[in-house]
Amino acid sequence: MRESIECTEWGLYTKPAFRLLREDSEHPVLLVCEHASRFIPDALNELGLDETAAQEHIAWDIGALALAERLSETLGATLLSANYSRLLIDLNRPLHVADSIPAQSEIYQVPGNQSLDDATREYRQQCLFHPFHDQLRALIDQRLGENRTVRVVGIHSFTPVFYGQPRALEAGVLYGEARDYAQRIVDGLGRHSLRAAGNQPYKVSPLSDMTVPVHGDGRGLDSVLIEVRNDQLRSPESVQTWSAYLAPLL
Ligand SMILES: [Zn+2]
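Quick note on the working numbering: the sequence shown kicks off at 1228 and runs consecutively.
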């Protein structure tokens, strides 16, 4: 594994890149939460963002970890979640795309990500990105090696207002190859009279996503990314409600 001594020696990324819950689960669903955390090490001074901006959804997906944890508990399924903010490096973006380390997120400039040198970029890749994806790959390898079914499910949230526009959609099921699996989830949410749709409010693409195209579609596994509008995930009760909607559908 690549989480090596250099990550802690520089004193920046002293905790592991990820957290793993219920690693030995035999449930086919493998839950992934890439935008779980807004944690940025103190030494990086919130990347120069003021605190309100840093706590906004640009640093993380509000409520996504709570929902993923509840689903993990309900299903007894493994959950891999990030321990660092996506503003340091976005774990659901390929390394070669411009916003892998975003210099701007929506209306916010991210001062601490402007004109980074290659060494800093590589350091974030080595300490944050590779350990997470190596672990995800290893979990899938192990299960496939035991001839088990694996379904890779990313848990995310989106903002109720985007560039000033309110969004009516309550949940999106994003997919590439796994159209039938995604449709079953959309239909299931529809039976609760929820406003859910496939490939909204975003689409997955190998040019902008990692988890679904690389670990799911790329390995022939059913894989979706679930997006829940974050105003629906603001209390333990509402998180529980969404977990109850989703758990039987995954
Ligand atoms: Zn997200």
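No residue lacks a Cβ here, since even glycine has one placed at the ideal position from N, Cα and C.
- prompt: According to DSSP, which residues form a beta bridge with Asp1449?
  reply: If you number the sequence shown from 1, residue 1449 lands on position 222. DSSP lists Arg1378 as partners of Asp1449.
field: Residues of its chain near Arg1229, where Cβ-Cβ distance is below 8 Å and the 5 sequence neighbours each way are ignored
entry: Taking the sequence shown and counting its residues from 1, one reaches residue 1229 at position 2. Because the pLDDT at Arg1229 is just 48, under 50, the model does not fix this residue reliably, and the value given afterwards should be weighed accordingly. Answer for Arg1229: Gln1353, His1357, Pro1358 and Asp1361, listed in chain order.
message: Once DSSP output is grouped into helix, strand and coil, what is the label at Tyr1408?
response: Translated into the one-based positions of the sequence shown, residue 1408 becomes position 181. Here Tyr1408 sits in helix by DSSP.
field: Helix, strand or coil at Gln1341 [DSSP, three-state]
entry: Walking along the sequence shown from the start, residue 1341 turns up at place 114. It is coil, neither helix nor strand.
Met1228 - DSSP class collapsed to helix/strand/coil: Taking the first residue of the sequence shown as position 1, residue 1228 is located at position 1. Bear in mind that a pLDDT of 43 at Met1228, under 50, signals an unreliable position, so the number given afterwards is only what the model happens to contain. Three-state result, Met1228: coil.
- prompt: For Gln1427, which of helix, strand or coil comes out of DSSP?
  reply: Taking the first residue of the sequence shown as 1, we reach residue 1427 at position 200. Note: Gln1427 maps to coil in three-state DSSP.
query: Would Ser1327 pass as a contact of Arg1320 if the rule is Cβ separation under 8 Å?
result: Locating residue 1327 in the sequence shown gives position 100, counting from the first residue. Locating residue 1320 in the sequence shown gives position 93, counting from the first residue. The answer is yes: Cβ separation under 8 Å.
query: If Arg1375 and Ala1304 are in contact, beta carbons under 8 Å, what's the gap, nearest whole angstrom?
result: As a working mapping, residue 1375 is identified with position 148 in the sequence shown. As a working mapping, residue 1304 is identified with position 77 in the sequence shown. Going by Cβ atoms, the distance from Arg1375 to Ala1304 rounds to 12 Å, so no, they are not a contact pair.
- prompt: Just to confirm, does Asp1288 get its C-beta within under 7 Å of one of the non-hydrogen atoms of ligand 2?
  reply: No copy of ligand 2 appears in this structure; the ligands present are ligand 1.
field: Backbone CA spacing between Ile1308 and Arg1265 [nearest angstrom]
entry: Mapped onto the sequence shown, residue 1308 falls at position 81. Mapped onto the sequence shown, residue 1265 falls at position 38. The sequence given here has Ser at residue 1308, not Ile. Each residue's alpha carbon lies about 12 Å from the other.
field: Assumed close pair Gly1425, Tyr1402 - CB separation to whole angstroms, cut-off 8 Å
entry: Stepping through the sequence shown from its first residue, residue 1425 is reached at position 198. Stepping through the sequence shown from its first residue, residue 1402 is reached at position 175. At roughly 7 Å, the Cβ-Cβ gap stays under 8 Å, so Gly1425 and Tyr1402 are in contact.
- prompt: At which residues does the alpha helix (DSSP H) containing Ser1470 begin and terminate?
  reply: Against the sequence shown, residue 1470 aligns to sequence position 243. Where Ser1470 is concerned, the enclosing alpha helix (DSSP H) stretches over Pro1463 to Leu1473.
message: Only counting the same chain, and skipping five residues up and downstream in sequence, which positions put a Cβ closer than 7 Å to that of Gln1392?
response: Position 165 of the sequence shown holds residue 1392. Excluding positions up to five away in sequence, the list is empty.
message: Quick check on Thr1438: does DSSP put it in helix, strand or coil?
response: Taking the sequence shown and counting its residues from 1, the one referred to as residue 1438 is at position 211. Of the three classes helix, strand and coil, the one that applies to Thr1438 here is helix, per DSSP.
query: Quick one: is the Cβ of His1262 within less than 7 Å of any heavy atom of ligand 1?
result: The sequence position of residue 1262 within the sequence shown is 35, counting from 1. Answer for His1262: yes, Cβ within range of ligand 1.
- request: Report yes if the CB atom of Val1455 is closer than 8 Å to the CB atom of Leu1292, and no otherwise.
  value: Taking the sequence shown and counting its residues from 1, one reaches residue 1455 at position 228. Taking the sequence shown and counting its residues from 1, one reaches residue 1292 at position 65. Going by C-beta atoms, Val1455 is not nearer than 8 Å to Leu1292.
task: Have a look at Asp1269, Leu1363, Ser1342 and Tyr1408 and flag the residue whose alpha-carbon is nearest the alpha-carbon of Thr1481.
output: Since the first residue shown for the chain is 1228 and the last is 1477, residue 1481 is missing from the structure and cannot be characterised.
task: Could you work out which residue in Arg1378, Glu1464 and Thr1241 is closest to Arg1351 when comparing CA atoms only?
output: Along the sequence shown, read from residue 1 onward, the residue named residue 1351 stands at position 124. Among Arg1378, Glu1464 and Thr1241, the Cα nearest to that of Arg1351 is on Thr1241.
- prompt: Under 8 Å between the Cβ atoms of Ala1395 and Arg1418?
  reply: The residue given as residue 1395 occupies position 168 in the sequence shown. The residue given as residue 1418 occupies position 191 in the sequence shown. Cβ distance not < 8 Å, so Ala1395 and Arg1418 don't count as in contact.
- request: With a threshold of 7 Å, establish whether the CB of His1383 neighbours any heavy atom of ligand 1.
  value: Counting from one through the sequence shown, the residue named residue 1383 turns up at place 156. Under cutoff, so the answer is yes.
message: Looking at Gly1290: is its Cβ nearer than 8 Å to the Cβ of Val1400?
response: Locating residue 1290 in the sequence shown gives position 63, counting from the first residue. Locating residue 1400 in the sequence shown gives position 173, counting from the first residue. No. Outside cutoff.
- prompt: By Cβ distance below 7 Å, which residues in the same chain neighbour Lys1430 in space, the five residues on each side in sequence not counted?
  reply: Within the sequence shown, residue 1430 is the residue found at index 203, counting from 1. So the qualifying residues of the chain are Leu1401.
- request: Determine the DSSP secondary structure at Pro1268, reduced to helix, strand or coil.
  value: The sequence position of residue 1268 within the sequence shown is 41, counting from 1. Pro1268 falls in the coil class under three-state DSSP.
- prompt: Between the C-alpha atoms of Val1337 and Glu1300, what's the straight-line distance to the nearest angstrom?
  reply: The sequence position of residue 1337 within the sequence shown is 110, counting from 1. The sequence position of residue 1300 within the sequence shown is 73, counting from 1. Their Cα atoms are separated by approximately 35 Å.
Exposure label - Ser1462; buried when at least 16 CB within 10 Å: Taking the sequence shown and counting its residues from 1, the one referred to as residue 1462 is at position 235. Exposed: under 16 other Cβ atoms inside 10 Å.
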